[in-house]
Amino acid sequence: MMMNNTLRNQCKLLPGSLVTGKWNKNQYKIIKELGCGANGIVYLVESGNRHYALKLSDNGTSIISEMNILKSFSKVQGSTLGPSFLEADDFMKTGKQLPFYVMEYIHGHDFLRFIDKKGSSWIGVLMLQLLTSLSALHSNGWVFGDLKPENLIVTSPAYKVRCVDVGGTTLIGRSVKEFTEFFDRGYWGLGSRKADPQYDLFAVAMIIINSAYPGRFQKKGEGYKQLNDLIKQKKELHPYRKMLDRSLRGQYDSAIQMREDLVTVLSKQNHSKKKGPNQTATGQQQTVQPSTRQARRSQNQSKKKSGGFFETFLLVAIISMLYVLYIYEQLL
Amino acid sequence: MKAGTLRQILLITDGCSNHGEEPSAMAELAREQGITINVIGVMENDVIDEKGLKEIEKIAGSGGGVSQVVYSQQLSQTVQMVTQKAMTQTIQGVINRELQQILGDSKTMEDLPPDKRGEVMEVVDELGETSKLEVLILVDTSASMKHKLPTVKDSLLDLSLSMNARMGDSRFSVFVFPGKRNDVEKLLDWTPNLEALTATFPKLSTGGLTPTGPAIREALTHFNKKRSLRGLLSHDDEQYFEESM
Numbered sequence: 002m003m004m005n006n007t008l009r010n011q012c013k014l015l016p017g018s019l020v021t022g023k024w025n026k027n028q029y030k031i032i033k034e035l036g037c038g039a040n041g042i043v044y045l046v047e048s049g050n051r052h053y054a055l056k057l058s059d060n061g062t063s064i065i066s067e068m069n070i071l072k073s074f075s076k077v078q079g080s081t082l083g084p085s086f087l088e089a090d091d092f093m094k095t096g097k098q099l100p101f102y103v104m105e106y107i108h109g110h111d112f113l114r115f116i117d118k119k120g121s122s123w124i125g126v127l128m129l130q131l132l133t134s135l136s137a138l139h140s141n142g143w144v145f146g147d148l149k150p151e152n153l154i155v156t157s158p159a160y161k162v163r164c165v166d167v168g169g170t171t172l173i174g175r176s177v178k179e180f181t182e183f184f185d186r187g188y189w190g191l192g193s194r195k196a197d198p199q200y201d202l203f204a205v206a207m208i209i210i211n212s213a214y215p216g217r218f219q220k221k222g223e224g225y226k227q228l229n230d231l232i233k234q235k236k237e238l239h240p241y242r243k244m245l246d247r248s249l250r251g252q253y254d255s256a257i258q259m260r261e262d263l264v265t266v267l268s269k270q271n272h273s274k275k276k277g278p279n280q281t282a283t284g285q286q287q288t289v290q291p292s293t294r295q296a297r298r299s300q301n302q303s304k305k306k307s308g309g310f311f312e313t314f315l316l317v318a319i320i321s322m323l324y325v326l327y328i329y330e331q332l333l
Numbered sequence: 048m049k050a051g052t053l054r055q056i057l058l059i060t061d062g063c064s065n066h067g068e069e070p071s072a073m074a075e076l077a078r079e080q081g082i083t084i085n086v087i088g089v090m091e092n093d094v095i096d097e098k099g100l101k102e103i104e105k106i107a108g109s110g111g112g113v114s115q116v117v118y119s120q121q122l123s124q125t126v127q128m129v130t131q132k133a134m135t136q137t138i139q140g141v142i143n144r145e146l147q148q149i150l151g152d153s154k155t156m157e158d159l160p161p162d163k164r165g166e167v168m169e170v171v172d173e174l175g176e177t178s179k180l181e182v183l184i185l186v187d188t189s190a191s192m193k194h195k196l197p198t199v200k201d202s203l204l205d206l207s208l209s210m211n212a213r214m215g216d217s218r219f220s221v222f223v224f225p226g227k228r229n230d231v232e233k234l235l236d237w238t239p240n241l242e243a244l245t246a247t248f249p250k251l252s253t254g255g256l257t258p259t260g261p262a263i264r265e266a267l268t269h270f271n272k273k274r275s276l277r278g279l280l281s282h283d284d285e286q287y288f289e290e291s292m
């Protein structure tokens, strides 16, 4: 808390102010603040008519570790998970040296707001994308570490899921140092904090669980049992149950393997959607009125019973009509 | 560069000492012996008063470590963060001294261009991952800490989880103060695994005095004892971090 205050004071820059690098002499104009983390403030900046994200910190250590990670990210071929790295420099502010680095500005909605707007049917699709990116990252020897909705951004117009905070990224075999308890398998007593692909896959499962429990929850008693019970309690999680269970227990060898299971779940879901007229209808409305999707979902559930009666009634009506037609034909 | 052993004392308390030696003097003594002292002040609904806050900062300052005041809900994260930060700080201190020897006086990492600094930082990270770590945990069990102890226990288990994920070995030891008869009492001898705490921690009785200074002094001898005993068995296996650089 105290640290954040001093950080705020030292790294606080008003829109319009200029940041000039001590070494490379490049100039960046602050447009606005994008976010504030534990070890620095990220600004949207402009330089040479292009937009970038600039992270300024009063703590040289952590920011340089991050810079190293971003650099090695750019070496990972075909990985579009994190932002690309531009340069690192120091900013002299009233005699004090504040290190900063500049990276690609990833523009889009944060993951949870996107799901809220576009509907929960997007979760599966975006997780497929995420698993593909993770697979590329893992095969290059890295684990993302601090995987959580807050660190994910969905870009537009082409919806692509990207990660903005790479501070938790760890070489496979080393210890994960930056994590968030809810998404950390160590917290739930389901494994170590040694970086392996399964560490990330556990977090992917927790992101899906988080979508059904937006308020999250704390650990009480035995982690695995608690998570299982909570998955059972939410209807929308049922299709994913087997997959979630496998990833919570670290049974997937790779992101690709989990992705295959997710594809199966999603294709089954589409199938059942086609059968139920109710669900297809909401699917279409989604694009028209996206923001109320969640409210509608709960309404759907409470109407389930009356919907059953309606279906029976419809079935009886159709059969009687066919019967009447048959009798009519017989009479003729 | 070979990784050595990083030695730390982690003091978890919720206020002021009121018995025995000045804690920050003892912290200074620890630093002299290459042992870093980190202090975490735990608050519940109550707030730590100005005097307690000052003492916490002063101990960590003299002990060359990190201090942080938190609400008990955030204790797990903080314990891990503080330990990690102090490790990096110690390693960086060593590297800075090396740099000064190579580059001349008053040059530190900050004076290097960012790219070079990145390379140095890679070495720091590498050492943080591979060094041996010894943390002696010193828990204040004076009356006001009583209902915070379950949280303290959980956060220590969590700490061992984080540290054991590293490539280098980690060992922990737990002391509480005030003890039943003495100022300080050993709860757990050096072990890589803190699971054994689960049995002993709930049975703790809480006392009235807060002899922080004497507790630190006692803790130091525990490091020393182990060192001299080990010295008899194996020769230069267990050197201080600085010596092995």
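So the sequence lines, in the order shown, correspond to chains V and G. The first sequence runs contiguously to residue 333 in my numbering. The second sequence runs contiguously to residue 292 in my numbering. Cβ atoms here follow ideal geometry from the backbone N, Cα and C, with glycine treated the same way.
Can you tell me which of V:219, V:268, V:27 puts its alpha carbon nearest to the alpha carbon of residue 47 of chain V?
For the purposes of this step, residue 47 of chain V is identified with residue 46 of the first sequence, where counting begins at 1. Minimum Cα distance to residue 47 of chain V is reached at V:27.
Using DSSP with H/G/I as helix, E/B as strand and the rest coil, what is residue 90 of chain G?
Counted from its first residue, the second sequence places residue 90 of chain G at position 43. If DSSP states are grouped into helix, strand and coil, residue 90 of chain G belongs with the strands.
Going along the segment 98-114 of chain V in order, which residues come within less than 8 angstroms of chain G, judged by CB to CB distance?
98, 100, 102
Return the chain-ordered list of same chain residues with a C-beta closer than 6 angstroms to the C-beta of residue 267 of chain V, the five sequence neighbours on each side being excluded.
Within the first sequence, the letter at position 266 stands for residue 267 of chain V. Cβ neighbours of residue 267 of chain V beyond the five flanking positions: 125.
For residue 253 of chain G, collect the residues of the same chain with a Cβ closer than 7 angstroms to its Cβ; drop the 5 residues on either side in sequence, then sort them by chain order.
By 1-based counting over the second sequence, the position of residue 253 of chain G is 206. Closer than 7 angstroms at Cβ, skipping near neighbours: 188, 189, 190, 192, 193.
What separation, rounded to the nearest whole angstrom, lies between the Cα atoms of residue 120 of chain G and residue 50 of chain V?
On the second sequence, residue 120 of chain G is found 73 positions in, with the first residue counted as 1. On the first sequence, residue 50 of chain V is found 49 positions in, with the first residue counted as 1. Looking at the two C-alpha atoms, the distance is approximately 46 angstroms.
Output, in chain order, the set of chain G residues within a Cβ distance shorter than 9 angstroms of residue 69 of chain V.
By 1-based counting over the first sequence, the position of residue 69 of chain V is 68. Those within 9 angstroms of residue 69 of chain V in chain G are 165, 166, 168, 169, 172.
Nearest-angstrom Cα distance between residue 150 of chain G and residue 178 of chain G?
Numbered from 1 along the second sequence, position 103 holds the residue referred to as residue 150 of chain G. Numbered from 1 along the second sequence, position 131 holds the residue referred to as residue 178 of chain G. Approximately 25 angstroms, taken between the alpha carbons.
Taking Cβ positions, are residue 190 of chain V and residue 179 of chain V nearer each other than 7 angstroms?
The residue labelled residue 190 of chain V in the question sits at position 189 within the first sequence. The residue labelled residue 179 of chain V in the question sits at position 178 within the first sequence. Result no, Cβ atoms of residue 190 of chain V and residue 179 of chain V do not sit closer than 7 angstroms.
Please list the partners that residue 318 of chain V has in chain G, where partner means a Cβ-to-Cβ separation under 9 angstroms.
Locating residue 318 of chain V in the first sequence gives position 317, counting from the first residue. None at all; the shortest Cβ gap to chain G is about 58 angstroms.
Which of the three DSSP states, helix, strand or coil, is assigned to residue 138 of chain V?
As a working mapping, residue 138 of chain V is identified with position 137 in the first sequence. Residue state, collapsed to three classes: helix.
Residue range of the unbroken beta strand (DSSP E) whose run includes residue 241 of chain V
Start at 1 with the first residue of the first sequence, and residue 241 of chain V comes out as number 240. Looking at the DSSP string, residue 241 of chain V is not in any beta strand (DSSP E), and its letter there is neither H nor E.
N-terminal and C-terminal residue of the beta strand (DSSP E) that residue 104 of chain V is part of
Position 103 of the first sequence, counted from the start, is the residue given in the question as residue 104 of chain V. That run of the beta strand (DSSP E) goes 97-105.
Would the segment 104-123 of chain G and the segment 60-73 of chain G be scored as touching if the rule is three or more Cβ pairs under 8 angstroms?
yes
By a C-beta neighbour count over all protein chains shown, 10 Å radius and 16 as the cutoff for buried, is residue 185 of chain V buried or exposed?
Translated into positions along the first sequence, residue 185 of chain V becomes position 184. By the neighbour-count rule (16 or more Cβ atoms within 10 Å), residue 185 of chain V is buried.
is_contact[residue 62 of chain V, chain G] using C-beta, thresh 7 angstroms:
Within the first sequence, residue 62 of chain V is the residue found at index 61, counting from 1. Yes - at least one Cβ of chain G is within 7 angstroms of the one on residue 62 of chain V.
Chain G within 7 angstroms of residue 166 of chain V, Cβ atoms only:
Against the first sequence, residue 166 of chain V aligns to sequence position 165. Not one chain G Cβ lies under 7 angstroms of residue 166 of chain V.
Buried or exposed (CB count within 10 angstroms, at least 16 for buried), residue 264 of chain V:
Counted from its first residue, the first sequence places residue 264 of chain V at position 263. Of the residues assessed, residue 264 of chain V falls on the exposed side of the cut-off, its CB having fewer than 16 other CB atoms within 10 angstroms.
Going by beta carbon distance, what residues of the same chain come within less than 6 angstroms of residue 63 of chain V, once the five residues before and after it are set aside?
Here residue 63 of chain V is taken as the residue at index 62 of the first sequence, counted from 1. The answer, listed in chain order, is 40.
Chain G contact residues for residue 116 of chain V, given Cβ-Cβ distances below 8 angstroms
Residue 116 of chain V sits at position 115 when you count from the first residue of the first sequence. Result: empty, since nearest Cβ-Cβ is about 26 angstroms, beyond 8 angstroms.
Does any C-beta atom of chain V lie closer than 7 angstroms to the C-beta of residue 145 of chain G?
Mapped onto the second sequence, residue 145 of chain G falls at position 98. No, its Cβ sits nowhere closer than 7 angstroms to a Cβ of chain V.
Which of helix, strand or coil does DSSP assign to residue 12 of chain V?
The residue you call residue 12 of chain V lines up with position 11 of the first sequence. Helix, per DSSP.
Which residues share a DSSP beta bridge with residue 48 of chain V?
Locating residue 48 of chain V in the first sequence gives position 47, where the first residue counts as 1. DSSP output for residue 48 of chain V lists V:51 as bridge partner(s).
Inspect the CB distances between the segment 127-139 of chain G and the segment 76-85 of chain G and report whether three or more fall short of 8 angstroms.
yes
With distances taken from CA atoms, which of V:56, V:84, V:11 is nearest residue 90 of chain V?
Counting from one through the first sequence, the residue named residue 90 of chain V turns up at place 89. Considering only alpha carbons, the answer is V:56.
Under three-state DSSP, which class holds residue 144 of chain V?
Position 143 of the first sequence holds residue 144 of chain V. Looking at residue 144 of chain V - three-state DSSP - the assignment turns out to be strand.
Going along chain G in order, which residues have a C-beta closer than 8 angstroms to the C-beta of residue 65 of chain V?
Here the question's residue 65 of chain V lines up with position 64 in the first sequence. Contact note: residue 65 of chain V reaches chain G through 161, 164, 165, 168, using a C-beta cutoff of 8 angstroms and chain order.
Meets three-Cβ-pair contact criterion under 8 angstroms: the segment 91-109 of chain V and the segment 129-141 of chain V
No contact exists between the segment 91-109 of chain V and the segment 129-141 of chain V.
Contact with chain V by residue 209 of chain G, beta-carbon distance below 7 angstroms
Reading the second sequence from its first residue, position 162 is the one you call residue 209 of chain G. Using a CB distance cut-off of 7 angstroms, residue 209 of chain G counts as an interface residue toward chain V.
Going along the chain, which residues of its own chain have a beta-carbon closer than 7 angstroms to the beta-carbon of residue 300 of chain V, five neighbours each way excluded?
Sequence index remark: in the first sequence, residue 300 of chain V carries index 299 (1-based). The predicted position of residue 300 of chain V is uncertain, since its pLDDT is 38 and thus under 50; no value can be drawn from it.
Which runs of the beta strand (DSSP E) fall wholly inside the segment 125-201 of chain V and span at least 3 residues, in chain order?
For the segment 125-201 of chain V, the full-length beta strand (DSSP E) segments reaching 3 residues or more read 153-156, 161-164 along the chain.
Just grab the DSSP bridge partners of residue 54 of chain G for me.
Locating residue 54 of chain G in the second sequence gives position 7, where the first residue counts as 1. G:82, G:181, per the DSSP bridge assignment.
Quick check: residue 244 of chain G and residue 200 of chain G, are their CB atoms within less than 7 angstroms of each other?
Within the second sequence, residue 244 of chain G is the residue found at index 197, counting from 1. Within the second sequence, residue 200 of chain G is the residue found at index 153, counting from 1. With a cutoff of 7 angstroms on beta-carbon distance, residue 244 of chain G and residue 200 of chain G are scored as near each other.
Between residue 24 of chain V and chain G, is there a C-beta pair that is closer than 7 angstroms?
Translated into the one-based positions of the first sequence, residue 24 of chain V becomes position 23. Yes, because at least one Cβ of chain G sits closer than 7 angstroms to the Cβ of residue 24 of chain V.
Against residue 187 of chain V, what residues of chain G qualify as contacts under a CB-to-CB distance less than 8 angstroms, listed in chain order?
For the purposes of this step, residue 187 of chain V is taken as the residue at position 186 of the first sequence. Ordered by position in chain G, the residues that pass the 8 angstroms Cβ test against residue 187 of chain V are 205, 208, 209, 212.
Sequence-distant residues of its chain with Cβ nearer than 6 angstroms to residue 196 of chain V (five each side left out):
Working through the first sequence from its first residue, we reach residue 196 of chain V at position 195. 144, 171, 173, 175, 177, listed in sequence order.
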